[in-house]
Each structure stands twice: as structure tokens, then as C-alpha cells.
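Input: a single structure, listed below in C-alpha cells.
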Amino acid sequence: MIENPLLDLAGLPRYGLIRPEHVAPAIDELLAQNRTLIAKLISPSVQPSWDEFAEPMENANERLTRAWGAVAHLHAVDDNAAMRGAYNANLPKVTRYYTELAQNLDLYGKFKALRASEEFARLSGARRKIVDNSLRDYRLGGAELAAEKKRRFAEIQEELAALEAKFSENLLDATNAFSETVVDRTDLLGVPEDVLRAAEDAAHRDGRKGWKLTLHAPSYGPVMQYAENRTLRERLYRAHVTRASEFGKPDLDNSSVIDRELRLRREKARLLGYRTFAQVSMVPKMADSPEAVLAFLEDLARRALPYARRDYAELSEFASRELGVPKLEAWDIAFASEKLRARRYSFSDQEVKQYFPEHKVLQGMFRLVETLYGVRIVPDAAETWHPDVKVFRITDPRGALIGRLFLDPYSRETKRGGAWMDEAITRQRTKGSLLAPVAHLVCNFPAPVGGRPSLLTHDEVMTLFHEFGHGLHHLLSQVDDLGVSGIRGVEWDAIELPSQFMENFCWEWDVLTGMTAHAESAAPLPRALFDKMLAAKNFQSGMQTVRQIEFALVDMHLHHDYDPEGAKTPLEVLKEIRSRVAVVVTPEYNRFLNNFSHVFSGAYAAGYYSYKWAEVLSADAYSLFEENGVFDERTGARFRDEVLAVGGSRPAIESFTAFRGRGPTIDALLRHNGMIA
Ligand SMILES: [Zn+2]
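In terms of my numbering, the sequence shown opens at residue 23 and continues consecutively.
What follows is the structure, given as C-alpha cells:
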């Protein structure tokens, strides 16, 4: 009998039994087992074959992934002091293990030997991909470098990690350094009641009267959007866009952090034999080269600009005619846009959400997926971490299990914000048995109150579809090996294809009629209201598109053709890009780069374009359903087989082309955004 539920990996996770005191013993045990196994695997007596080397390695890491995944999951959805303590105490051990793994040259040598062996050609495509991905990651981690260069590479990695952390710390400290307490309520005219209440509470906590405004999103956003007081908006705007810059405290200025990061990233790229950091960033991605990404962004900019200019002209005209704002400034944009939106499309989120009770939405989403992918989704029972969690079984039409879904829909104090999909168990076929995948879908929807069901806004419905898209990618996998099953091994710039794809169905009349029922009358969504929602869908899509392009372009240029030793500053690069693709006039003091965390705190460096890139793929994939019918089973089966089922076992472009019958084009994205040539 296994006493520690985190080590019981035979069936579903033991959420009913896992306690904080189980974490350290389980993780210590698994790390020790893995280290012992690795010592054995790298010995010369072990053949560098799939069965003797690669698979035992995969299985060992999977045990750790599953146990640690359960801990991380509970930390995110059922946070309490004891679990947080256990998580934080064990995180460094787990991180250290993975660093060791990446730097273990004996393991790298074994993978190289497997790659060079006769056996390699006989492996399945999925297994070859797993071996190649491992080799690539070792190489990009500096494994091939000579001793001297390797030392420098490690120094750079360490300094970059520290700088990326420093960047977000500076930004947070600078955000917290500003507040303004308003004492006259008339200065806050227009700001919604709930925002005012929170601001009043915040002032009270400081022992003051009035309303405390800050630069954090729940305060800053609504003030910029709703406050009638123009000078108040201007003050907050200035504070917001100069955070962590030379206009604030010198020790919080991110300018030198940006400069240093750009130099180090280029040096790292050159050690690896590339000319620029953007080239390194492209290696594991779908896009071929920085040039291809730049050409894509420039093309999209050229097509979107006329619409962006039209959006801006309409907004300027409206602001001067209706709001008495003769010249639109950056701090007027959100405010004037909200007023124009309300004027033009007279409906509210509140009105729409009455038609989307949670159970009806789920039912409609499941029916759609059942039709498209030939599966059945039925309620199931399992141990969970909270009574609100719902469990579903996905089966084939004959009832054979495909996978399970845990849905945790409602917001709680103990749950992290946002919405996400997580892998709990990944599909794997081992000798004689098949492990069915399990996905977690976590959302933050309002919980039911007073016997009334949870009602979802249309945005929340799209969030649910989006995350279920990731979930289906994971659950409908037909790959038998762990490393490239589901979302694993899928290129970063293609990972949002299945999720954004699902969002499209939320704009289909035929889909919505089957998933709406008014909370009181049970009537489906009226066509007239749907038409208003559709009309509002592309409100200012031109302006929003060029803004995203501006961010993606500056990220790409700074990591590709910008010279840190040259005369130009990053800010000048940004200004040049703005002069070509922006429609909103930015004040001279704007220091956007100093708070561009996506890129300077890590993950999205030379990768910000991925959002738009994946949107092209998802829109174009969806357009085949528009051609063949949104409920077309044959198109659905093809999407399941060519995109969802194959996961990361082949390049995303091959999967896309196999499904669509041709390479991706940008037309569907433009059409969905209301930009038809
Ligand atoms: Zn997503």
C-alpha cells in the first residue's frame, strides 16, 4: 500500500487525500529515484536505445511532473498558508533538478548516440521528434560550447535571469510608488460605484478620507475609461506611462536593464553561432526567420492601417462634437471610445448575460464538440479538490474512455485569477496498456447566488471555449509517447491555434441559439440582440490591430537589427515604428518600453508576434468550417485527426496544411476583423 497520495500515480490524482505534509517527502523521494536512475542510464553499459534509455528517462520525468503538477495545481486553486509554504519550500529543489538535467552532458551524449544509431530511422515519427527536440534544447542551452564559452554562457544566463526578475520588480515597485487620494467626489464623476467603493476602502486603510487611486489595473483602467475629469486622467496617464523610467526614482529606472538585456541576449546568440537573438528565438518556433515575421507584421500593418485611421478619425470627430474635446490626447482614447461604444451599440453586458446560464452554455458547447469530433461527453464522478468541481468523461460513440475533464468554474478567494487549462495526466501507450489523458479547466466565473445559476458574459463564454480548445488538444491526442502528445512539443507561435479556433463558434447564430436560455423566461437569445453584438464585435479593431503590431515590431527589431553599440536608443527605434504604424499620438514623455514586461521579464522576447501569428492560423482553419458548415462532421473529423490528434509529433505547418489543403493565408483573419479589401 502506498501511504503518500502524491506517489500514487496508478489512477486519477488523489485530490481528496493530498495534504501539505505529503509534499516534501514525495518530491524528495521522486528526485532521489530520478537521480539514481540517471546515474544508471548514463553508464556505458546502458544501450542508447529508445527502450533502454529514452523511455525510462521520459517515464521518470513524468512521475515528477505529475506529482509536482498536482502540488502546483492545488497551490493555484486551493491556496492556503500550509500549501503555499510547501510549494515554495520545494520549488527550488525541483528547479535545481531541471537545471542539472539541462547541463548533464552525459545525457546529451546518450541522446546524440541514439540519434546516430541505426535504430533511429526505425522509430516512429513521434519518437524521432522527441529525440530531435531534446538535442535542440541541449544545443540551445549551450551544451556544445567549448569550456571557456560555456562558462561565459552560464554567466549570461544567470545575469539575464536576474535582470528579467529586476525588470518586473522595478515595475511593480514603481507602480506601487504612485497613488493619488481624491477628496472631492465631483472629481470622480463617471467612475463606476464598485470602483469608488474599493478606492474609498483603500483610503480608509491609509487612515485617510476620500478615494485612493492607484496605477494597478482595477483602479487605473476604469478611471481612464470612465472619469469625466480630463486633468485627472492626464495626471494618471502620465504617471502610468513613465513608470520605471528616468522620470521616477533612479533605482527603479528600467532603462539600463533594457540596455543590458539587449546586449546580453545578442552575446548569447553569438556564442551559439547566430547573428541575432531573434534568430535563436525562431529555432523552436513555427516562423522560419525574423525576416519572415517582420514581413508578416508589415503586411498586416499595411492592410490594417486604413481601418485604424478610419477608427481614429471617427473617434476624433465624435470627441470634438459630443464631448467638447477639440484635440484627442492619449489620455482621452479609452474615455471617448467607451462613450462612442455606448452611443453606437445600445446594449449592455448585463443584458446579454441573462441569456447565458452556465449549464446551458456547457450543454451547448458539449453538443457542438460531440457533433464535430464524434465523441460523447457525460458527467462522471471522481475525487476533487472542491465541491464545485465538475468531472466529465469523454468517450467514443461505443462508450470506450478517451479522457476525463475536471472543470472548476467559479471564482474563490483561494483561487488564482484568470482562466487556464492544465494537463493532469498525459496520454501514453505502454506495453499492453493505454493511459487516458486528464485535463483541468480552471475559470473564475461568478458562483451561483440565491438559487440562481451562474450567468456568463459573452466574454466569459469565449474564455470557456478558448480553454476547452486547449483541453481538446490535450484530450483528443492520439500520440502514444509523452514528449509530443497534446500541447507538448507544439511550437510556441502555434499553440493558440486550437484555443482561438474555438472562440469563433461563439459568434455563430446557429451555435448560440442552442446554448442560450434567458434566466427568467428561458427564451433563446433574440436575433436583434445578437445583431447588435455582432456589430460591436469589430469596434475599433483597426486601432487595436496596429497597436499590437507596434508592440510586435519593436520587440522584433530590438532583438534583430538593433545595434546596442550604435548611436540609436531603443526609444528611438520605437518612435520610428510609431511614425509608420501608429494612429494615436503619443506624448514625448511616454516610456512604454520601460514597462513592456512581456519582453523584458522573459518569456515573449522576440516572440510577441506569436499572438497575431496564431490568430492567422486559427481564423484560416475556422474558415473551412465557414465554407462547409459550422456543424460539418467531416470537417470536424479532419480537424481532430490532422491538428488535435497529432499534437507536437510533427511541425505545426504540416498539420495545418494537411487540414486546410494549402498553406495559411491572412484573408480569414482580416475578414473576421471586418477588414475586407
Ligand atoms: Zn490560450
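Built from N, CA and C at the ideal position, the CB exists for glycine as well. Only a predicted model underlies this, so the values are computations on that prediction, with no experimental measurement involved.
Residue i, DSSP secondary structure in three states
| i | result |
| --- | --- |
| ARG398 | strand |
| PRO27 | helix |
| TYR432 | strand |
| ASP206 | coil |
| HIS238 | coil |
| HIS581 | coil |
| THR452 | strand |
| THR608 | coil |
| ALA143 | helix |
| ASP418 | coil |
| SER671 | coil |
| PRO379 | strand |
| ARG41 | coil |
| ALA537 | Residue 537 is actually Met in this sequence, not Ala. MET537 falls in the coil class under three-state DSSP. |
| ARG613 | coil |
| LEU167 | coil |
| PHE200 | coil |
| GLU445 | strand |
| VAL652 | coil |
| HIS462 | strand |
| PHE357 | helix |
| PHE618 | coil |
| GLY425 | strand |
| TRP529 | helix |
| VAL374 | helix |
| TRP407 | coil |
Among the options, nearest to residue i - alpha-carbon criterion
| i | options | result |
| --- | --- | --- |
| VAL45 | ALA169, GLY107, ALA545 and ALA317 | GLY107 |
| ASP154 | GLU166, LEU167 and ARG137 | ARG137 |
| ASP321 | TYR626, GLU648 and ILE571 | ILE571 |
| MET105 | THR436, GLY493, ALA545 and ILE688 | THR436 |
| ARG682 | LEU646, GLN450 and TYR633 | LEU646 |
| LEU123 | GLU181, SER368, GLY163 and VAL606 | GLY163 |
| ALA183 | ARG297, LYS634, HIS492 and LEU286 | LEU286 |
| ALA441 | GLN179, PRO431, ILE447 and ALA627 | PRO431 |
| VAL116 | GLY91, GLU373, LEU427 and ARG366 | GLY91 |
| LEU157 | GLU222, PRO306 and ARG426 | PRO306 |
| VAL606 | VAL347, PHE133, ALA220 and LEU337 | LEU337 |
Check: residue i C-beta below 7 angstroms from any heavy atom of ligand 1
| i | result |
| --- | --- |
| SER632 | no |
| SER521 | yes |
| HIS262 | no |
| GLU542 | no |
| HIS620 | no |
| HIS492 | yes |
| GLU482 | no |
| HIS496 | no |
| GLU405 | no |
| GLU10 | Past the boundaries of the shown model lies residue 10; the chain is included only from 23 to 699, so the question cannot be answered. |
| HIS488 | yes |
| GLU518 | yes |
Cβ-Cβ separation, residue j to residue i (assumed contact under 8 angstroms), whole Å
| i | j | result |
| --- | --- | --- |
| LEU478 | LYS375 | 6 angstroms |
| GLY511 | PRO459 | Actually they do not touch by this definition, with Cβ atoms about 15 angstroms apart. |
| VAL22 | ALA404 | Since the displayed the chain opens at 23 and closes at 699, residue 22 lies outside it and no answer follows. |
| GLU186 | GLY624 | 5 angstroms |
| LYS361 | LEU345 | 6 angstroms |
| ARG332 | ALA558 | At roughly 16 angstroms, the Cβ-Cβ gap does not stay under 8 angstroms, so ARG332 and ALA558 are not in contact. |
| ARG415 | ASP402 | 4 angstroms |
| LEU52 | LEU86 | 5 angstroms |
| ALA545 | VAL568 | Wrong, their Cβ atoms sit about 40 angstroms apart, outside the cutoff. |
| LEU193 | ALA266 | 5 angstroms |
| VAL93 | TYR109 | 6 angstroms |
| GLU489 | LEU463 | 5 angstroms |
Per-residue burial, residue i [other beta carbons within 10 Å of its own, 16 or more giving buried]
| i | result |
| --- | --- |
| TYR120 | exposed |
| GLN247 | buried |
| GLY685 | exposed |
| GLY232 | buried |
| ILE698 | exposed |
| TRP531 | exposed |
| SER521 | buried |
| THR535 | exposed |
| ALA636 | buried |
| ASN198 | exposed |
| HIS581 | buried |
| ASN83 | buried |
Heavy atom of ligand 2 within 7 angstroms of residue i beta-carbon
| i | result |
| --- | --- |
| ALA659 | This structure lacks ligand 2; the ligands present are ligand 1. |
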